[in-house]
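First the structure, in the form of structure tokens, and then the observations on it.
There are 2 protein chains.
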Amino acid sequence: MTELETAPTQTALLDQVISDLEAGRQEELTATLLATHPAEVANLLESLPPEQRSELWDVVPVAQESEVLSFLHDEARTTIVDEMDEGELVAAAESMAPEDLAEFIDELPEDLTNALLISMDADHRKRLDSVLTFEEASAGRLMSTDVISVRKDVSIAVVLRWLRRHESLPPHTDSLMVIDDEGLYLGKLDVADVLTSNPETEVEAIMQPEAATVRDNLSEHDVAALFERRDLISVAVLDSAGKLLGRITIDDIVDVIREESDRALLRSAGLNDEEDMFAPVLPSARRRGVWLGINLITVFIAAWVIGRFEEALEQIVALAVLLPIVASMGGIAGSQTLTLTIRALALNQIANANVRWLLTKEVLVGAVNGMVWAVVVALVTYLWFGNIGIALIIGIALILNLLAAALSGIVIPLLLNRWGIDPALSGAVILTTVTDVIGFLSFLGLATLFLI
Amino acid sequence: MTELETAPTQTALLDQVISDLEAGRQEELTATLLATHPAEVANLLESLPPEQRSELWDVVPVAQESEVLSFLHDEARTTIVDEMDEGELVAAAESMAPEDLAEFIDELPEDLTNALLISMDADHRKRLDSVLTFEEASAGRLMSTDVISVRKDVSIAVVLRWLRRHESLPPHTDSLMVIDDEGLYLGKLDVADVLTSNPETEVEAIMQPEAATVRDNLSEHDVAALFERRDLISVAVLDSAGKLLGRITIDDIVDVIREESDRALLRSAGLNDEEDMFAPVLPSARRRGVWLGINLITVFIAAWVIGRFEEALEQIVALAVLLPIVASMGGIAGSQTLTLTIRALALNQIANANVRWLLTKEVLVGAVNGMVWAVVVALVTYLWFGNIGIALIIGIALILNLLAAALSGIVIPLLLNRWGIDPALSGAVILTTVTDVIGFLSFLGLATLFLI
């Protein structure tokens with residue numbers, strides 16, 4: 001009978017596998033892996049530290065290797081590929097679909113790629129080459145060429161006979177492609193319509209000439225957006241002349257969507273796209289250190305700004321105590337606007353005609369919250385230090401910084417986007433530098449002008 | 001012929017629609033909306049400020065209304081529903097599938113819900129009630145009851161005849177469900193196998209009894225994980241007795257995945273799950289103000305810690321200047337670890353058996369980066385202020401704070417997760433409070449001990 005899946009079993013499985021690995025229970029491990037879906041084996045591998053990862057990989061049945069590899073994320077995959085010998089690699093590569101192999105090869109070190117290309121048989125190499133002619137992350141790279149196409153002037157009965165001559169259909173075949181003698185795409189024929197129509201009907205009568213299609217050079221981001229909006233299972237990929245090249249299926253799109261959201265999350269913390277939580281210490285430290293270094297530069301800029309006001313700080317120590325407040329509130333408010341702007345950009349919701357409305361709105365939101373929280377901060381400051389001047393000045397500085405934060409939260413990502421830089425990666429650092437500097441400058445600057 | 005889709009056309013379309021709205025060109029707008037897919041109409045509506053949004057909604061053809069509504073996000077939908085009269089609402093509701101209607105009704109204000117339920121016809125209400133018996137965000141809520149089921153002892157020829165009696169198949173029918181006389185689920189029969197098999201074959205011979213299924217009470221997060229791992233198009237939903245209740249299809253799962261990633265991104269900035277970028281100023285300010293208030297409490301805690309060291313700050317003004325550095329570096333390093341931990345939790349990659357390894361690894365990463373950047377910071381500090389004592393102390397404080405950041409980055413999300421609190425929402429605030437406090441405490445504390 002069927003087994004019901006629940007998530008807790010996954011972590012329980014992980015606990016089980018780790019204890020089997022520690023106790024060296026090879027037979028149990030083999031049995032577990034044979035009963036586990038390759039995608040889940042990949043997830044198990046990714047949940048293990050380097051040594052245990054390679055121990056478990058040794059237990060993966062050879063027949064499963066290529067499928068498990070195709071489910072692994074780039075970074076984890078690299079650590080495993082490093083331990084495979086060339087024979088194993090070639091065997092795994094030859095059982096991959098060309099589009100998976102192309103992605104796989106992209107991530108390999110160059111010497112391995114060359115060795116692989118030389119060892120592969122001519123047929124595989126040719127199919128791989130044709131995939132590699134398309135740009136990375138384009139529709140052409142995502143598509144499979146495994147397509148069933150039919151002519152428009154045949155009957156459904158003929159289509160049914162033709163399908164029955166297949167051993168199996170390509171995965172996720174929800175529709176057949178209708179093409180002419182030159183291979184030009186004419187429309188799609190839903191499998192559901194094949195099943196429900198009278199066998200004498202001609203294909204032309206029930207095919208859908210208006211179905212959505214994509215060009216081979218469309219970015220995978222835009223292909224995914226189309227799938228999402230239209231609830232598609234598959235889409236035809238055409239070249240510039242309208243010739244059918246292949247089809248993209250929803251399973252690859254789900255991966256694109258997941259990778260994009262992963263990337264957005266990881267990049268917002270200055271992490272590598274495919275950061276491996278279980279990578280060894282030194283590579284992890286090196287990768288993350290870069291981001292810490294960038295942050296160090298920005299925080300030294302902020303410190304330098306504070307340093308311009310040593311005199312004020314020497315005379316009124318309360319300024320030093322209150323220093324983080326204005327900067328921190330600006331950073332939080334700014335990152336709210338920034339996050340919304342980045343999301344709206346991804347959804348294509350920002351056009352020239354509504355930017356000004358957005359800017360006005362965000363500045364007003366900043367003004368409202370600035371005033372509300374300025375009153376609170378000023379009150380607490382007054383109660384704490386009993387100094388009305390400092391209380392007033394921190395309130396005004398807060399309002400100024402929240403206005404600056406709102407402006408930066410829109411302008412910075414729009415500019416980065418225009419310059420082709422991913423705002424998810426660098427937007428937050430630039431923004432907090434701005435809010436830190438404006439925060440310190442307005443608070444200490446006003447204090448220097450009015451209190452000293 | 002088919003039209004090729006590209007993203008730039010979407011923002012161009014938006015610009016066009018806004019300029020038509022501003023010029024009051026009703027006919028052009030009607031023509032544009034008729035030529036636009038309901039999902040894209042929903043996106044256009046979401047890209048408009050409140051007034052223009054309601055103007056455009058007035059142009060949406062009545063026949064499209066219910067579909068456009070089902071594509072809108074909760075918050076934008078609420079603003080539009082507010083403007084519909086009851087008759088319009090009932091008409092829209094009655095043309096929704098029960099599972100879409102259940103989601104729609106969940107988000108309505110209570111008085112409207114009651115009015116709707118009363119005005120609906122009995123059949124619709126009954127189907128809706130059966131969906132509402134399932135918990136929110138569970139498999140039961142996601143599923144459609146529109147399923148084609150067959151018996152195991154009939155031939156494929158019979159199945160084909162039975163299918164041909166349908167006008168159309170339910171959307172995304174990649175497989176039929178095999179059930180027994182009591183409605184118990186026995187397995188699935190792929191449509192592809194129906195098409196490629198000999199018509200005399202019996203269903204039992206080619207059905208897949210081992211196909212993945214889910215229980216009605218499984219969370220939508222876990223259902224989505226299963227779809228992703230197994231590349232599914234649809235999955236059968238069973239009750240506790242193994243009876244077939246319905247099926248979930250990939251289009252709904254794509255929405256779940258998108259909503260989850262959206263939620264993670266928005267929550268990390270303390271934003272509402274369905275925050276509407278084009279909401280009016282006051283509601284936006286109120287929602288975001290809450291998060292600013294929470295941040296204000298944490299930053300006052302940090303300021304209070306600084307206040308304990310007034311004496312040191314009075315004597316050495318350089319301490320005030322350098323104050324942000326230690327706290328900021330800790331915050332960045334901590335949020336890197338935090339982000340990775342939250343992601344690993346979502347992927348079920350953290351179990352009891354690997355937590356200790358992870359903790360050790362992250363602390364070591366913190367130690368390595370702490371030492372590297374401590375040297376840099378100490379050097380810059382020495383060159384800037386010429387004081388070896390301050391330079392040494394800021395270096396040591398930095399190392400201490402990066403160790404604390406690594407520990408917090410793992411422990412905080414794990415604890416929150418165990419307590420059933422989403423670490424994506426509150427993890428970052430708690431973490432930066434810790435790194436701020438430890439940063440100020442270690443830097444100013446060491447300075448007080450050794451320099452004064």
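Protein chains in written order, with the UniProt record's numbering: chain A, 1 to 452; chain B, 1 to 452. All C-beta atoms, glycine included, are put in the ideal place defined by N, C-alpha and C.
Residues of chain B with CB closer than 8 angstroms to the CB of Arg161(A), please, in chain order. Residues of chain B with a Cβ closer than 8 angstroms to the Cβ of Arg161(A) do not exist; the shortest Cβ-Cβ separation is about 10 angstroms.
Rounded straight-line distance, which links the Cα of Val59(A) to that of His37(A): Roughly 14 angstroms between the two C-alpha positions.
If you follow the beta strand (DSSP E) that residue 479(A) is in, where does it begin and where does it stop? Outside the shown range of chain A, which is 1 to 452, sits residue 479(A), and nothing can be said about it.
Would you say Gln336(A) faces chain B, with C-beta separation under 8 angstroms as the test? Closer than 8 angstroms to some Cβ of chain B, the Cβ of Gln336(A) qualifies, so yes.
Alpha carbon to alpha carbon, how far is Val380(B) from Gly395(A)? Give it in angstroms, no decimals. A direct Cα-Cα distance of roughly 33 angstroms separates Gly395(A) from Val380(B).
What's the call for Gln26(B), buried or exposed, on a 16-neighbour Cβ count within 10 Å? The residue is exposed, with fewer than 16 neighbouring Cβ atoms inside 10 Å.
Are any of the Cβ atoms in chain A nearer than 8 angstroms to that of Leu195(B)? Leu195(B) belongs to the set of residues whose beta carbon lies under 8 angstroms from a beta carbon in chain A.
When we look at the beta-carbon of Asp273(A) and count the other beta-carbons within 10 Å, is it buried (16 or more) or exposed? So Asp273(A) ends up on the exposed side.
Using DSSP with H/G/I as helix, E/B as strand and the rest coil, what is Arg287(B)? Helix at Arg287(B).
Quick one: residues in its chain with C-beta nearer than 6 angstroms to the C-beta of Val154(B), no 5 flanking neighbours on either side, listed in chain order? The beta carbon of Val154(B) sits closer than 6 angstroms to those of Val203, all from its chain and outside the five residues before and after it, given in chain order.
Quick one: grab the DSSP three-state call for Val147(A). DSSP places Val147(A) outside both helix and strand once states are collapsed to three, so it counts as coil.
Whether Ser261(B) touches Ala428(B) by CB criterion (8 angstroms): No, these two residues do not count as a Cβ contact at 8 angstroms.
Quick one: using the 10 Å Cβ neighbour count with 16 as the cut-off for buried, is Asp181(B) buried or exposed? By the neighbour-count rule (16 or more Cβ atoms within 10 Å), Asp181(B) is not buried but exposed.
With a threshold of 8 angstroms between beta-carbons, can Trp291(B) be considered close to chain A, or not? At a cut-off of 8 angstroms between beta-carbon atoms, Trp291(B) makes contact with chain A.
Through-space distance from Ala344(B) to Thr249(A), alpha-carbon basis: Straight-line spacing of the CA atoms in Thr249(A) and Ala344(B) works out to 27 angstroms.
Residue environment, Ile399(B), which counts as buried when at least 16 other CB atoms sit within 10 Å: With 16 or more Cβ atoms within 10 Å of its Cβ, Ile399(B) is classed as buried.
For chain A, is any of its Cβ atoms less than 8 angstroms away from the one on Asp106(B)? Using a CB distance cut-off of 8 angstroms, Asp106(B) does not count as an interface residue toward chain A.
Which residues in the same chain as Arg288(B) place their Cβ atom closer than 8 angstroms to its Cβ, once the five residues preceding and following it in sequence are excluded? These residues qualify, in order along the chain: Gly270, Leu271.
Under 7 angstroms (Cβ pairs) to chain B, residues found in the segment 397 to 421 of chain A: So nothing in the stretch comes that close.
Exposed or buried, Ile430(A), counting other C-beta atoms within 10 Å across all chains shown (16 or more means buried)? With 16 or more Cβ atoms within 10 Å of its Cβ, Ile430(A) is classed as buried.
Check the Cβ of Ile250(A) against every Cβ in chain B and list those closer than 8 angstroms, keeping chain order. Result: Ile233, Ile250, Val254.
In three-state DSSP terms, what is Asp190(A)? For Asp190(A), the secondary structure class from DSSP, reduced to helix, strand or coil, is strand.
Is there a Cβ from chain B that is less than 8 angstroms from the Cβ of Ser168(A)? Closer than 8 angstroms: yes.
Who pairs with Ala236(B) in a beta bridge, going by DSSP? As computed with DSSP, Ala236(B) is found in a beta bridge with Thr213(B), Arg247(B).
Use the C-beta contact count for Ile18(B): other C-beta atoms within 10 angstroms, 16 or more gives buried, fewer gives exposed. Buried, because 16 or more other Cβ atoms sit within 10 Å of the Cβ of Ile18(B).
With distance defined between alpha-carbon atoms, name the residue in His221(B), Phe278(B), Ile301(B), Asp231(B) nearest to Ala264(B). Nearest C-alpha to Ala264(B): His221(B).
Nearest CA to the CA of Thr196(B): which residue from Leu160(A), Leu226(A), Asp216(A)? Relative to the Cα of Thr196(B), the nearest Cα in the group Leu160(A), Leu226(A), Asp216(A) belongs to Leu160(A).
Whole-Å CB distance - Asp276(A) paired with Glu75(A), under 8 angstroms assumed: Between Glu75(A) and Asp276(A) the Cβ distance is about 4 angstroms, and since that is below 8 angstroms, they are a contact.
Identify each residue in the segment 256 to 272 of chain B for which the Cβ-Cβ distance to at least one residue of chain A is less than 9 angstroms, and report them in chain order. Those would be Ile257, Arg258, Glu260, Ser261, Asp262, Ala264, Leu265, Leu266, Ser268, Ala269, Gly270, Leu271, in chain order.
Where Glu202(A) sits in the DSSP three-state scheme: Strand.
Simplified DSSP assignment, three categories, for Gln349(A): Of the three classes helix, strand and coil, the one that applies to Gln349(A) here is coil, per DSSP.
I want to see whether chain B comes within less than 8 angstroms of Lys152(A), judged by CB atoms only; does it? False, the Cβ-Cβ gap to chain B never drops below 8 angstroms.
Check for me: the beta strand (DSSP E) holding Ile179(B) runs from which residue to which? From DSSP, the beta strand (DSSP E) with Ile179(B) extends over 175 to 179.
What's the call for Ala23(B), buried or exposed, on a 16-neighbour Cβ count within 10 Å? With a 10 Å radius around the Cβ and a threshold of 16 neighbouring Cβ atoms, Ala23(B) comes out exposed.
Quick check on the DSSP output: the alpha helix (DSSP H) that includes Thr30(B) runs from which residue to which? Unbroken alpha helix (DSSP H) run through Thr30(B): 26 to 34.
Under a three-way DSSP split, which group does Leu72(A) fall into? Three-state result, Leu72(A): coil.
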